[in-house]
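A.B. asks:
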Amino acid sequence: MDWSTSYMASASSSHSHGNPQHTGEESSTFDDSPDEDSSVRSRRLVEQTATPPSFSRNSSPTVSRNSGQHPPVATTDATQQNSPHIRTPSSMRHSSSHGVHHKIIINLLPKYYILNPSIPRFGAQVDIRKLLEHLILFFAISVALFQFSHSPYVVDELWIVRELGALTVASAVYMLATRTPVTPPHATPHVEQGHRRHTSPHVVNNTSPQKSLLWMTTAKDYRADADDGILTALLLGPVTAASMLYGSLISQFRDSHYPSGWIIEEPRYLQKSMNPLPPQQALLNGRRNLVQLSTLCAFVLLTHLCTSYISKSNRTNDSASNSETEKKMRQGWRTWSFIGYATVVSTVAVTFHIGCDVLGLEIWKDLSYFDVAVISSFYQFSVYVMIRLSHGGFTLGEVGLVSVGSTVLFMETLNVTIANMWPVTAAYIKTTRYPSPLLIFQLALVPGSLLVGFLLSPLLVLSRHISQLPAHRLKRQLDRAPNQPTNREAQRRALSLSFYFFAFIIVFGLIGFWTQWSLGGRNPWIWTVMWLTEGSTSWSRPAMLVYWALIGSFTVGTWSRQLARSRRFQRSNSTGIPLDPAFATDTIAAPPSPAPGSTFSHVATDILDAADKRVPTLSLNARRKSFHALALFMFLPGIILDPAFTHFCLSAAFALFVFAEYIRYFALYPFGRFIHIFLHEFVDSKDSGSAILSHFYLLTGFADSLWLEGPWRLLEYTGALSLGIGDAMASIVGRKMGRTRWTEGNPKTVEGSIAFLVTVLLANLVLRMFGAVEPFSIARYTCVLAIGCLLEAVSNQNDNLTIPLFIWSMTVFCNVVRT
1 MDWSTSYMAS ASSSHSHGNP QHTGEESSTF DDSPDEDSSV RSRRLVEQTA TPPSFSRNSS
61 PTVSRNSGQH PPVATTDATQ QNSPHIRTPS SMRHSSSHGV HHKIIINLLP KYYILNPSIP
121 RFGAQVDIRK LLEHLILFFA ISVALFQFSH SPYVVDELWI VRELGALTVA SAVYMLATRT
181 PVTPPHATPH VEQGHRRHTS PHVVNNTSPQ KSLLWMTTAK DYRADADDGI LTALLLGPVT
241 AASMLYGSLI SQFRDSHYPS GWIIEEPRYL QKSMNPLPPQ QALLNGRRNL VQLSTLCAFV
301 LLTHLCTSYI SKSNRTNDSA SNSETEKKMR QGWRTWSFIG YATVVSTVAV TFHIGCDVLG
361 LEIWKDLSYF DVAVISSFYQ FSVYVMIRLS HGGFTLGEVG LVSVGSTVLF METLNVTIAN
421 MWPVTAAYIK TTRYPSPLLI FQLALVPGSL LVGFLLSPLL VLSRHISQLP AHRLKRQLDR
481 APNQPTNREA QRRALSLSFY FFAFIIVFGL IGFWTQWSLG GRNPWIWTVM WLTEGSTSWS
541 RPAMLVYWAL IGSFTVGTWS RQLARSRRFQ RSNSTGIPLD PAFATDTIAA PPSPAPGSTF
601 SHVATDILDA ADKRVPTLSL NARRKSFHAL ALFMFLPGII LDPAFTHFCL SAAFALFVFA
661 EYIRYFALYP FGRFIHIFLH EFVDSKDSGS AILSHFYLLT GFADSLWLEG PWRLLEYTGA
721 LSLGIGDAMA SIVGRKMGRT RWTEGNPKTV EGSIAFLVTV LLANLVLRMF GAVEPFSIAR
781 YTCVLAIGCL LEAVSNQNDN LTIPLFIWSM TVFCNVVRT
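For the sequence shown, full-length UniProt numbering gives the first residue as 1, with consecutive numbering after it.
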């Protein structure tokens, strides 16, 4: 639903739907070429010049447009135009006739649909891809509203219809108000003579796509290669929360608390409370709180967006105001301004809640005033900190969705602590999942790992600062000669050892004490060791750990060898590895090359080196998808055999990833450089910020299906199958067999989406055949997968994060499994 309006000189219509295009494609995906083939790159350049200009750091020439016509096709990219003598290896390979065949690409839908009514003479240009994405998200929340209004499982839950309905209307009004700028009818179109090849003037479309911004942030703070994804931030979180509540409502009369196969002790409840609630009723209340938390976060974000939009509109024609605002941001007023504004927003939220209680309006009715103040404050803090620290690593949709999750974990940790402190006055432990040891350990591992970084941030920042400084700027030691610089490595080692020491103290002290307190006085380390023997057999869980360790170590070792070989070839071609600034002063020495066959220990190395020369180098896309397959082979057996233990281990893996990112980003000795070099080989445009987030998204996509603790086993496989099988097969089939793209300029193909749907459906049917999942409606599940595949095809947000959540939620709302 992204609209842009401009004056049109004459009537125009949309591009034709079946516009065939000839393109060349590599015959193999196992190469070192970029992710897109040459046709996609050339077409992307055409779209950059033919569509309204997007936010970019590089200035680009003004390009004129013919209404309703295709712009002239560019044959070289901007770099090749400026430097005609430079030819990349991929371009030389594509220019060769070997291994290349041509295929016809058909666009199912145009990139834009142009409306040009004669009265008044305005032109409305609709981005088809964004329109489809927005319609799918509005459809999802409409399904939620329908189920809570008409489902026989739902009784006296009309408050959620009011909250979600108000959020839907507010989001739609915001999109219409901010994405449809009005051009006055007396405006004169800007006509420009193009290049000499163009003989007729064209109307220049000066309208740029609107991007939503958080207060006191700029477009440079977000990922530049995608749209803002604002409806993902506003709607997907509440839809997921509502589906969790709906899942609890349809399974509230079930005898067991978990689906079959979960080996974990019964959830804890407050037996000493004056009015204790049983676990299932407590879970229902906790998930009602979750829905209200998600809508509160959405309205807080919407307040930021509206204020930022109004402020930006008032500054549009005031250059002095623009320069003053930028000056304030440069001078450090940005953070203080955000803190002040966030305080005002939290105060307004509490005041609004008080007013609703006075008027008898059931808005956030289960949240206390303290809850509203803490939720609104922490959510704003979380969004702002992630935006500022990632340096362009998130879109607004991604950071909004992740911040909702971080706020939920923070509130669960806070509520568990409050219940431990006052077990008599509290009726239940206000959590969104059952308060079992699984939840306690997840809160200790995930928020606990982030707490370590927050408490030790001075050491981390200083370590990165020293690693970035050149030697002549380091402080000199007092006991050395004035002309002798401080030993950089000694300082780095001291800071790293200090971090490891204090992290050990925090983990085994503060976090360990809190975990023991929350487990009712049981030692968490002893409990973990004993729990390892409580699987289906006494050796099943240790065997699973050994299986994961073998696969992980083999994969890392194999990739390290392949990447070392690739780096040797790069050094021989003088291309080098682009390092993080924290490692700018380091040098990567080539490993010593012993004489072939000099000793018996080198015989295996010689054989492997000879074999390496015959092994093709995987493309970036193939390397990334290989980790999807790795995660599938690692975690799918665990989900099938022991979902509770896999739930626990995925939480531990997330904490391990957090510490690995600390070590990488802050250049901690001795592993920081090697982790950075290894992960950098898998970075694409979605990791454009300072933090490398792809492995976090992949792990979270696999784990969310377990962490949300749905009512059916079918839901537990959503992340593993959609990412490990569906997404990978969509990429392979789309590249090898794709002929029909969804929209012009969109690399996603209809064939790839069909492969996604078919493979995930077949995988679930196989699991159903072996009794790993419940009998389910094939027709309903096919419809859910079809909508999820379409969202994956048209969304620019990170699909590892959004698609599993969307499919999980729609599976619940569509009652795919009959209870």
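Even glycine gets a Cβ: it sits at the ideal position worked out from N, Cα and C.
Nothing here was measured: the structure is a model prediction, and the numbers come from that model.
Can you tell me which residues form a DSSP beta bridge with residue 264?
C.D. replies: DSSP lists no partner for residue 264.
A.B. asks: Have a look at the DSSP bridge pairing and note the partners of residue 107.
C.D. replies: 741
A.B. asks: Taking residue 246 as part of the alpha helix (DSSP H), name the residues at either end of that continuous run.
C.D. replies: 237 to 250
A.B. asks: Buried or exposed: residue 656, going by 16 or more other Cβ atoms within 10 Å of its Cβ?
C.D. replies: Around the beta carbon of residue 656, a 10 Å sphere encloses fewer than 16 other beta carbons of the protein chains shown; the residue is thus reported as exposed.
A.B. asks: Regarding residue 253 and the ligand FAD, is the C-beta to nearest heavy atom distance less than 7 Å?
C.D. replies: Questions concerning the ligand FAD fall outside what the structure shown contains, since it holds no ligand whatsoever.
A.B. asks: Nearest to residue 456 by CA position, among 731, 497, 629, 251, is which residue?
C.D. replies: 497
A.B. asks: According to the neighbour-count rule (16 or more other Cβ atoms, all chains shown, within 10 Å of its Cβ), is residue 130 buried or exposed?
C.D. replies: By the neighbour-count rule (16 or more Cβ atoms within 10 Å), residue 130 is buried.
A.B. asks: Have a look at 556, 509, 260 and flag the residue whose alpha-carbon is nearest the alpha-carbon of residue 674.
C.D. replies: 556
A.B. asks: Check whether the region 243 to 252 and the region 398 to 409 are in contact - that is, three or more C-beta pairs closer than 8 Å.
C.D. replies: Remark: fewer than three beta-carbon pairs, one from each stretch, lie closer than 8 Å, so the region 243 to 252 and the region 398 to 409 are not flagged as touching.
A.B. asks: Assuming residue 114 is part of the beta strand (DSSP E), what are its boundary residues?
C.D. replies: 112 to 115
A.B. asks: May I have the straight-line CA-CA distance separating residue 697 from residue 804, to the nearest angstrom?
C.D. replies: 11 Å
A.B. asks: Roughly how many angstroms lie between the CA atoms of residue 438 and residue 528, to the nearest whole one?
C.D. replies: 11 Å
A.B. asks: Identify which residue in 126, 644, 548 has its Cα closest to the Cα of residue 633.
C.D. replies: 548
A.B. asks: Figure out for me which residue from 417, 273, 405, 506 has the closest Cα to the Cα of residue 449.
C.D. replies: 506
A.B. asks: Quick one: measure Cβ to Cβ for residue 703 and residue 733, integer angstroms, because I've assumed they're closer than 8 Å.
C.D. replies: 26 Å between Cβ atoms; not a contact.
A.B. asks: How many Å lie between residue 140 and residue 239 at the Cα?
C.D. replies: 7 Å
A.B. asks: Taking buried to mean at least 16 other C-beta atoms within 10 Å of its own C-beta, is residue 526 buried or exposed?
C.D. replies: exposed
A.B. asks: So, is residue 416 buried or exposed, given that buried needs 16 or more other C-beta atoms within 10 angstroms?
C.D. replies: buried
A.B. asks: For residue 286 versus residue 431, is the C-beta distance shorter than 8 Å?
C.D. replies: Going by C-beta atoms, residue 286 is nearer than 8 Å to residue 431.
A.B. asks: For residue 654 and residue 378, I'd like the C-alpha separation in whole angstroms.
C.D. replies: Linking residue 654 to residue 378 through their CA atoms gives a straight-line distance of about 21 Å.
A.B. asks: Using only alpha-carbon positions, find the residue among 112, 173, 817, 658 that is nearest to residue 454.
C.D. replies: 658
A.B. asks: Following the continuous alpha helix (DSSP H) through residue 356, name the residue where it begins and the one where it ends.
C.D. replies: 333 to 359
A.B. asks: Which runs of the alpha helix (DSSP H) fall wholly inside the region 725 to 783 and span at least 4 residues, in chain order?
C.D. replies: 728 to 737, 750 to 769
A.B. asks: To the nearest angstrom, report how far apart residue 664 and residue 393 are at their CA atoms.
C.D. replies: 16 Å
A.B. asks: If you follow the alpha helix (DSSP H) that residue 698 is part of, which residue opens it and which one closes it?
C.D. replies: 694 to 707
A.B. asks: Quick check on residue 177: buried or exposed, where buried means 16 or more other Cβ atoms within 10 Å of its Cβ?
C.D. replies: exposed
A.B. asks: Please state whether DSSP places residue 127 in a helix, a strand or coil.
C.D. replies: strand
A.B. asks: Would you check if the region 354 to 373 and the region 289 to 305 touch, i.e. whether three or more CB-CB distances between them fall below 8 Å?
C.D. replies: yes
A.B. asks: For residue 336, does the count of other Cβ atoms within 10 angstroms reach 16, so buried, or fall short, so exposed?
C.D. replies: exposed
A.B. asks: Could you give the distance in angstroms between the alpha-carbon of residue 211 and the alpha-carbon of residue 228?
C.D. replies: 6 Å
A.B. asks: Just how far apart, CA to CA, sit residue 408 and residue 168?
C.D. replies: Going by C-alpha positions, residue 408 is about 21 Å away from residue 168.
A.B. asks: Would you kindly work out how many angstroms separate the C-alpha atoms of residue 782 and residue 757, rounded to a whole number?
C.D. replies: 7 Å
A.B. asks: Give me, in chain order, the residues of the same chain whose beta-carbon lies closer than 6 Å to that of residue 277; leave out the 5 immediate sequence neighbours on both sides.
C.D. replies: 427, 428
A.B. asks: Measuring CA to CA, which of 536, 688, 772, 464 is closest to residue 667?
C.D. replies: When C-alpha distances from residue 667 are compared across 536, 688, 772, 464, the shortest belongs to 464.
A.B. asks: Within its chain, find whatever has a CB closer than 7 Å to the CB of residue 313; leave out the 5 residues flanking it on each side and keep chain order.
C.D. replies: none
A.B. asks: Determine the DSSP secondary structure at residue 311, reduced to helix, strand or coil.
C.D. replies: helix
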